[in-house]
Amino acid sequence: MFRHGSIGHRDLLSTADRFYQEMESRIRAEGRLYDIHISTTQLMEKLFNRYGFITVSIAEKGFGEGLHQYDMVKSFTR
C-alpha cells in the first residue's frame, strides 16, 4: 500500500490530524458554521469519529460488495 518515498503509515495519522485541524480552523474563521455531511465506508468510520463526525445511517453494500456506505455528520458550534 505504501510505496518507497510516500508518506508512510507512521506519518499518515499525524498528517491527517494536521490537515483536518487546518480545514476546521478555516471553516470556523468564515463564521458560517454549517453541518458537514459525508459518505464514507466502514473502513474510515473510526477516522472520522476522531474528528467529531457521528454516523447517522448505514447502507449495507452501499458502495458495492463489502463496502458499506456510512453517512456521517459533523455539527459545528460557535
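Numbering (my numbering), first residue to last: 43 to 120.
Virtual Cβ for every residue (Gly too), placed ideally from N, Cα, C.
- Message: Can you tell me whether F95 is buried or exposed? The criterion is at least 16 other CB atoms within 10 Å of its CB, across all chains shown.
- Response: Here residue 95 is taken as the residue at index 53 of the sequence shown, counted from 1. Buried is the call here.
- Where does M114 land, buried or exposed, given buried means 16+ other C-beta within 10 angstroms? To locate residue 114, count along the sequence shown from 1; it is residue 72. M114 should be labelled buried.
- Task: Look at the alpha carbon of I80 and the alpha carbon of N91, and state the distance between them as a whole number of angstroms.
- Result: Here the question's residue 80 lines up with position 38 in the sequence shown. Here the question's residue 91 lines up with position 49 in the sequence shown. So the two alpha carbons sit approximately 12 angstroms from each other.
- Taking the Cβ atom as the reference point for each residue, do Y76 and T97 lie within a distance shorter than 7 angstroms? Indexing the sequence shown from 1 puts residue 76 at position 34. Indexing the sequence shown from 1 puts residue 97 at position 55. No, they are not a contact pair.
- Query: Residue range of the alpha helix (DSSP H) that M65 falls in?
  - Reply: As a first step, residue 65 is located in the sequence shown; it is residue number 23 there, counting from the start. Run containing M65: 51 to 72, per the alpha helix (DSSP H) assignment.
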